[in-house]
Amino acid sequence: MKKRKVFSLLLAGALTVAMGTSVFASTEDEIAYAQAEKQAAEADLAQTQENISSLEGKKQELENYLAELNAQYDELTESVAQLGIEAAEKEEELKQVKQELKKAKKAAKKQYEAMKIRIVYMYENSGGSVLEKLLSSESIADFLNQIEYFSQISKYDRDMLKKYEEIRQSIKEQQQQIKQESEEINELLSQRAAKKQEVQAMAESTSGSISSYVSQISASEAEASALLAQIDSADNSIVALMQQAEEEQAAAEAAAAAEEEQAEEDYGYDPETDTTESSSSSTSSDIIVEEEAPEDYYGGVEEVEESTEDYGSSEDSSAETSSDSGQGTYLGNFTLTGYCNCAQCCGTAGNATASGVMPTAGHTVAMSGVPFGTQLLINGTVYTVEDLGTPYGHVDIYFDNHSDALNFGLQYADVYQLS
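What the sequence shown shows, in mature numbering (1 follows the signal peptide of the UniProt record, and there is no 0), is residues -25 to -1, 1 to 394, in sequence order.
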């Protein structure tokens, strides 16, 4: 019965460990799924932040263009106002010229009528003809005086008519010039007013585009906030699942130990009465009870017994290694993850560690529960605790870039404290 009891104990322990491993593997799958979700959210966040940056750039371009349009609109408004003043002044000037022309025409007409009256008076109401007037002169001097008199009257009338005609022509030319200037001002005023309306329409359209970009940016920022919350939630889930995995592993090991102990009690195993061929100094965990059985009945479990002996030797070797003072103080089998100094890992990029120094790849790790400057030996590499962010038992190893940190994934390793 010796080999049968050994086989029973091994079988019970194997089943217990297998059940614990299955549960642990399920938790590992959940961790992997949470990490995949986090990576997807980080990729979406990066794309969303890129979209926000692009939208901000386009919005800034439109705002600059709108500022130019507003300046142009103000300039056109001022120009239209000035042209309006000039047009009003020309209209008033044209009105005055028309009045002057009207007066000149009236004066010329009056002079012309007076001249006609004088001519009629001289030639019809003088009591005789001009020739008779001249012949009736008492002397040559009187005759010449009469001729000079008629000549002076005619010259005066001609000069006055010429003067009024020149005034009328000058006023008419001035009127034409003012009218032309007024038409030019009104044409320019019409063009500026049309341009002003065009610029106003462009400004309104640009303002609408800016409002659209503002709405898109707000929506993208809300999406980015949601993704950040999703990433934080994934981080919390990953930490919780890691702790759960550690607890499940510890529970599985404890259950296996309890099952083995119970099996020993059930079969009455007593180390003091063990008479197996094993050396009394052996630290093997194989459980062998001194009872005989036919060899051909249990011959099939010989390999199991040998396997358990090898396993026990391996455990002894591990125990001897962990106690080696050259490796420092053994802290335990800790969870290992990676992080970098980017905004996705730390909220903002380029920050110093909690200890005040800049992190260095292959040197800096984060873990609470030990003082800054504590040196840890992990997988043959010596790291220094310079940052916080993870609980005791969870070491976060610093990497230079986010890709290396993600590729590191989730690992477990024995950790030794050197200082």
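For glycine and all other residues, C-beta sits at the position ideal for the given N, C-alpha and C.
Residue state for Asp132 is assigned as helix, using DSSP reduced to three classes. The beta carbon of Tyr139 sits closer than 7 angstroms to the beta carbons of Ala79, Ala82, Ala83, Gln86 from its chain, once the five residues preceding and following it are set aside; these are given in chain order. Check the Cα spacing between Gly303 and each of Ala16, Leu351, Ala327, Thr310: the tightest is with Leu351. Nearest in C-alpha terms to Ser193, of all of Glu5, Leu30, Tyr358, is Leu30. Within 10 angstroms of the beta-carbon of Val345 lie fewer than 16 other beta-carbons, which makes it exposed.
Distances from the CA of Ser165 to each of Thr52, Lys77, Glu228, Ala220 were compared; the closest alpha carbon is that of Thr52.
If you compare the alpha carbons of Tyr391, Gln219, Glu61, Lys147 with that of Gly355, the shortest gap goes to Tyr391.
Measuring C-alpha to C-alpha distances from Ser1 to each of Gln219, Leu44, Glu158, Asn161 identifies Gln219 as the nearest.
Only residues of its own chain outside the window of five on either side were considered, and among them Phe347, Glu361 have a CB closer than 6 angstroms to the CB of Ser330, listed in chain order. Across the set Ile92, Ala63, Val189, the C-alpha of Val189 shows the shortest separation from the C-alpha of Glu36. Nearest to Lys13 by C-alpha distance, out of Glu235, Tyr367, Glu221, Leu203, is Leu203. By the beta-carbon neighbour count (other beta carbons within 10 angstroms, threshold 16), Ser195 is buried. A Cβ-Cβ distance of about 6 angstroms is found for the pair Gly325 and Asn316, placing them in contact under the 8 angstroms criterion. Beta-bridge pairing by DSSP links Asn308 to Asp389. Gln24 and Lys33 have their C-alpha atoms spaced approximately 14 angstroms apart. A Cβ-Cβ distance of about 7 angstroms is found for the pair Tyr387 and Leu311, placing them in contact under the 8 angstroms criterion. Bounds of any beta strand (DSSP E) do not take in His377; it lies within the alpha helix (DSSP H) bounded by 377 to 383.
DSSP, read as helix, strand or coil, puts Val370 in strand.
The secondary-structure analysis by DSSP pairs Asp362 across a beta bridge with Ala341. DSSP places Val332 in the coil class of the three-state scheme, outside both helix and strand. With at least 16 other beta carbons inside 10 angstroms of its own, Glu235 counts as buried.
Proximity to Val357 across His369, Lys77, His338, Phe374 peaks at His338, based on C-alpha coordinates.
Only residues of its own chain outside the window of five on either side were considered, and among them Thr181 have a CB closer than 8 angstroms to the CB of Tyr40, listed in chain order. In this structure, Gly313 sits away from Ile353, with a CB-CB distance that is not shorter than 7 angstroms. For Met217 against Leu381, the beta-carbon gap comes to about 16 angstroms, at or over 8 angstroms, which does not count as contact. Looking from the CA of Glu179, the closest CA among Asn45, Thr365, Glu5 belongs to Asn45. In this structure, Glu156 and Lys65 form a Cβ contact; the two beta carbons are roughly 6 angstroms apart against a cut-off of 8 angstroms. In this structure, Ser187 is the residue among Thr349, Asp389, Ser187, Ala341 with its C-alpha nearest to the C-alpha of Glu38. Closest in C-alpha terms to Ala15, from the list Ile206, Tyr48, Glu141, Ala225, comes Ile206.
For Gln302, there is no enclosing beta strand (DSSP E), since its DSSP letter is neither H nor E. Straight through space, the alpha carbons of Tyr48 and Tyr8 are spaced by roughly 58 angstroms. Nearest to Glu88 by C-alpha distance, out of Ser145, Arg133, Gln144, is Arg133. Contact check for Ser343 against Pro366 passes: the beta carbons are separated by less than 7 angstroms.
Per DSSP, Ala318 is one residue of the alpha helix (DSSP H) stretching across 318 to 321. 7 angstroms or more divides the Cβ of Ile146 from the Cβ of Glu68. When the five nearest sequence neighbours on each side are left out, the beta carbons in the same chain lying within less than 7 angstroms of the beta carbon of Val332 are those of Glu361, in order along the chain.
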